[in-house]
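If you read the sequence shown in the working numbering, its first letter stands for residue 40, the second for the next number, and so on.
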Amino acid sequence: MTKARRQQNTAGQEAAALRQPGSASRLQGEQRQARAYIGIGSNIQPQEHIRQCLALLAKLPHSQPSGESPWYLTRPWGIEQQPNFINLVVGLNTGLSAPALLCATQAIEQRLQRVRDIKNGPRTIDLDILLFDDAVIETPNLIIPHPALLQRDFMLLPLLDIAPKQLHPLEGRRLCDLSDRIQYHQIIEQLPQP
Ligand code: ADP
Ligand code: MG
């Protein structure tokens with residue numbers, strides 16, 4: 040796929056789209072449902088924070104979680120001197136736009152007292168939007184597909200558990216055909232079902 044297909048999904052375009060005929064009814068509950076995949080990670084009381092995170096995702100407006108990967112124990116990426124992480128991926132059917140979903144996931148991070156003092160440091164919760172339908176978005180605060188998706192086993196392998204046939208919109212290939220691209224092998228083991 041060429042760079043030309045990348046959408047500049049700015050707030051202005053979003054506002055313009057909402058002014059299109061019919062947009063009022065979409066705002067009142069007839070939103071087009073998209074399928075998003077969200078990567079979740081935690082290395083501060085991870086079991087507890089991930090459970091709380093899943094409960095908060097289930098309460099997002101116009102959204103229904105659908106599909107949860109196994110949980111994986113993983114070595115930290117970036118800074119090695121910190122506790123291991125637990126990572127997983129969930130599917131979410133949502134009427135939210137991608138920027139609105141980013142706001143919602145960042146609100147969950149704040150609610151779970153995520154502090155951004157050290158880049159790649161310990162965190163109560165990290166929510167990354169890996170895919171949003173077949174959208175290709177490149178804005179200053181949102182890039183989809185997530186740029187590290189094909190590099191990090193703790194993002195791609197749990198996503199493969201729940202969506203192996205999903206197309207990667209930039210590669211034009213199924214995720215199950217892209218696992219040879221992984222560069223960072225951080226997974227220690229799959230955890231027993233909680
Ligand atoms: P990281 O996930 O790399 O550890 P953060 O969670 O602190 O880092 O996110 C840094 C920034 O990444 C956020 O402020 C957010 O705007 C941006 N970002 C860009 N694309 C995405 C995406 N697909 N999902 C989540 N955040 C994203
Ligand atoms: Mg993040």
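Using N, Cα and C, we set each Cβ at its ideal position, and we do this for glycine too.
What would DSSP say about Leu-170, mapped onto helix, strand or coil?
Looking at Leu-170 - three-state DSSP - the assignment turns out to be strand.
Relative to ligand 3, what is the chain-ordered list of residues with a Cβ closer than 5 angstroms to any of its non-hydrogen atoms?
With respect to ligand 3, the structure shown offers nothing to examine, as its ligands consist of ligand 1 and ligand 2.
How is the alpha helix (DSSP H) around Gln-72 delimited, first residue to last?
Looking at the DSSP string, Gln-72 is not in any alpha helix (DSSP H), and its letter there is neither H nor E.
Mapping DSSP to helix, strand and coil, what is Ser-218?
Helix at Ser-218.
Note down, in chain order, each residue of its chain lying with its Cβ closer than 6 angstroms to the Cβ of Asp-247, except the 5 sequence neighbours on either side.
In this structure the chain extends from 40 to 233, so residue 247 is not present and cannot be described.
Cys-92: buried (16+ other C-beta within 10 angstroms of its C-beta) or exposed?
Looking at its Cβ environment, which holds 16 or more other Cβ atoms inside 10 Å, Cys-92 is buried.
Are there 16 or more other CB atoms within 10 angstroms of the CB of Asn-126, so buried, or fewer, so exposed?
Looking at its Cβ environment, which holds 16 or more other Cβ atoms inside 10 Å, Asn-126 is buried.
Between Leu-196, Val-154 and Leu-214, which has its C-alpha nearest Lys-204's C-alpha?
If we check each option's Cα against that of Lys-204, Leu-214 comes out closest.
Run the proximity test for His-88: is its beta-carbon closer than 6 angstroms to any non-hydrogen atom belonging to ligand 1?
Because no heavy atom of ligand 1 lies under 6 angstroms away, the Cβ of His-88 does not count as near it: no.
Got a sec, what are the start and stop residues for the alpha helix (DSSP H) Ile-157 sits in?
Ile-157 -> no alpha helix (DSSP H), and no H or E assigned at all.
In the structure shown, what three-state DSSP assignment does His-101 receive?
His-101 falls in the coil class under three-state DSSP.
Going by beta-carbon coordinates alone, are Gly-106 and Met-194 separated by less than 7 angstroms?
No, they are not a contact pair.
Please go through the same chain and pick out, in chain order, the residues whose beta-carbon is closer than 7 angstroms to the beta-carbon of Arg-114, but skip the five residues on each side of it.
Here the set comprises Asn-123, Gln-225 and Ile-227.
Whole-angstrom Cβ separation of Ile-201 and Ser-108, contact assumed at under 8 angstroms?
Correct: roughly 5 angstroms between the Cβ atoms.
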